[in-house]
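444 is the number that my numbering gives the last residue of the sequence shown; the numbers go up by one with no jumps.
Backbone N, C-alpha and C define an ideal beta-carbon position, used for all residues, glycine too.
Only a predicted model underlies this, so the values are computations on that prediction, with no experimental measurement involved.
Here's the structure we're looking at; comments come further down.
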Amino acid sequence: MLSRRRFLLTAAATAPTLALHAEQKPATQPSEPSLPAPILALTDRRKDISPITVNERNARLDRARDLMKQNGLDAILITTGASMQYFTGIRWGQSERLFAYVIPQAAAPFVICPHLERDRLNEAQKHFPEHDTTLSYLWQENQDPYATLQHALAESSITTGTLGLEEHTQFAFSSAIAHACPALKIVSATPVTSGCRSLKSQVELSLLRLANQITFDVYKAVYLSCAPGDTNDHFSALIAKAYERCGVQGDASCQTGPNSAVPHGTGTPQIIREHEIVLIDDGCTVDGYTSDISRSFVYGTPTDLQRTVFDIVHRAQSAALAAARPGVEAQSVDAAARKVITDANYGPGYDFFTHRVGHGIGLDMHEWPYLVGGNTQKLAANMVFSDEPGIYLPGKFGVRLEDDMFITENGAQLFTPQSPSLEHPFDKA
């Protein structure tokens, strides 16, 4: 089973690969008679995808340059990950060879690329913003890529000043860049990358909404297809097949009974049992944009304690949703949910609600900003977060309810309906 953490790291851990809209590969649409009817009823949703256009990526470069000017950066450098995809439209896995996309504040973008990758780069650049003016600097195996970078920066009139490095840049790269460019001040590019990626466009919101709708439909289909006696691995395997039916990639962890009290689960093989909590979590990607939904439910009749805990968590989720609006501090959303749980005697602090109430979500399943105590960043319209309070009782069970919400001008809205009860987790209240 692909764990939550492995899911978060899959793209970065893959060998260097150009993967343009990789999750939109032809769906197999499995039709095995063994698949339950609710899963067979799912349909390919790729026709509903409106991908990010080159024009939108051009606007992203304009926004990045404005933020560079505001934050005193002369250029930013990106080597891999979601920020690479955000600005260029490609996913280029990390290797020991320096591949970098550089956006100067006052010059054309350029790429530092191993010569042996030139054909892949030429193919990829067709999808780049400002592709007609983007420059390429190739380096051979016996050459120093950091000298090539220094030369390219100089040709962009950057010999002194400040260079921002994207946060996922390997230390080996950042150290070598600092050594090769001693006249440059090396800082974090996060004020630019987060400043751009945290505010979603209408197209991004549509992709996130579709990803959440698909996950909701997949979860419901698999919930209806399973029963006590099934294993958690079987449940997760059906989730993967259901996503295939929808033409996207995704997965889910499934934890039962006492294992549901471990927020990100365990690797222990488990059997779904009547009257025990089942907690499922994770999501899918649609044109790179991710969903992240958790549901807690029971096959059969819940106990009084299970119902009580579910009700508290449900009220905490509603409190976070009500608190989230433009202009409030991120920590206040966490505080609103935590107060409900603490007032119900499942506190103080992180005693039973052991994690923050939410995280930003977009091309990364977890990205800035974070709804956590101590974060004074103000929320703004078009930010997207998970809303996922939980109560975890070690040795007994855990309940987490997670839906993704987007900030509007007047408040916040969920992409998917809140779960109304342990017995009917996918009914619409």
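For residue i, count neighbouring Cβ atoms within 10 angstroms of its own Cβ and tell me buried if that reaches 16, exposed if not.
i	result
residue 188	buried
residue 40	The predicted model places residue 40 with a pLDDT of 43, which falls under 50 and marks its position as unreliable, so this point remains unresolved.
residue 517	No answer is possible for residue 517: the residues shown for the chain start at 16 and end at 444.
residue 412	buried
residue 374	buried
residue 242	exposed
residue 113	buried
residue 159	exposed
residue 115	buried
residue 425	exposed
residue 365	exposed
residue 155	exposed
residue 167	buried
residue 247	buried
residue 319	exposed
residue 94	buried
residue 219	buried
residue 85	exposed
residue 474	Residue 474 cannot be examined here, being either before or after the span of the chain that is shown, 16 to 444.
residue 45	For residue 45, the predicted model reports a pLDDT of 46, less than 50, meaning its position is unreliable and no value from the coordinates is stated.
residue 274	buried
residue 284	exposed
residue 144	buried
residue 141	exposed
residue 131	exposed
Pull up the distance between the alpha-carbon of residue i and that of residue j, whole angstroms please.
i	j	result
residue 138	residue 305	26 Å
residue 245	residue 272	13 Å
residue 152	residue 163	7 Å
residue 431	residue 236	15 Å
residue 388	residue 370	10 Å
residue 150	residue 340	42 Å
residue 125	residue 117	5 Å
residue 414	residue 380	21 Å
residue 185	residue 321	45 Å
residue 401	residue 253	24 Å
residue 127	residue 103	14 Å
residue 129	residue 157	11 Å
residue 173	residue 335	45 Å
residue 416	residue 295	10 Å
residue 223	residue 410	35 Å
residue 287	residue 276	15 Å
residue 372	residue 266	22 Å
residue 230	residue 134	36 Å
Which residue wins for smallest C-alpha separation from residue i, given the options the options?
i	options	result
residue 393	412, 342, 375	342
residue 396	132, 125, 308, 420	420
residue 326	339, 347, 352, 302	352
residue 338	429, 258, 252	429
residue 403	426, 378, 424, 434	434
residue 398	221, 146, 248	221
residue 422	386, 83, 264, 135	386
residue 418	350, 329, 365, 134	329
residue 66	303, 358, 323	303
residue 50	335, 163, 259	259
residue 383	301, 213, 207	213
residue 81	135, 196, 206	206
residue 232	309, 360, 104, 336	309
residue 333	181, 427, 437, 170	427
residue 299	264, 275, 292, 276	264
residue 289	73, 316, 276	316
residue 323	356, 294, 348, 349	356
residue 101	131, 278, 181, 437	181
residue 293	76, 354, 234, 257	234
residue 96	378, 257, 72	378
residue 312	361, 143, 199, 439	439
residue 175	192, 210, 199	199
residue 193	209, 307, 165	165
residue 58	239, 256, 145, 148	256
residue 55	367, 262, 442	262
residue 347	297, 331, 361	331
residue 359	391, 349, 406, 314	406
May I ask you to list the residues that DSSP assigns as paired with residue i?
i	result
residue 428	421
residue 119	90
residue 309	296, 417
residue 343	Per DSSP, none; premise fails for residue 343.
residue 304	301
residue 126	116, 151
residue 412	408
Next on the checklist: I'd like the ranges of any beta strand (DSSP E) spanning at least 3 consecutive residues and lying wholly in the region 215-293.
Outcome noted: Runs found: 268-271.
Item to check | Every unbroken beta strand (DSSP E) within the region 129-209, with a cutoff of 3 residues, ordered by chain | outcome: 150-154, 176-180, 199-203
Next on the checklist: Runs of 4 residues minimum, wholly inside the region 322-409: which ones carry the alpha helix (DSSP H) assignment?
Outcome noted: 345-358
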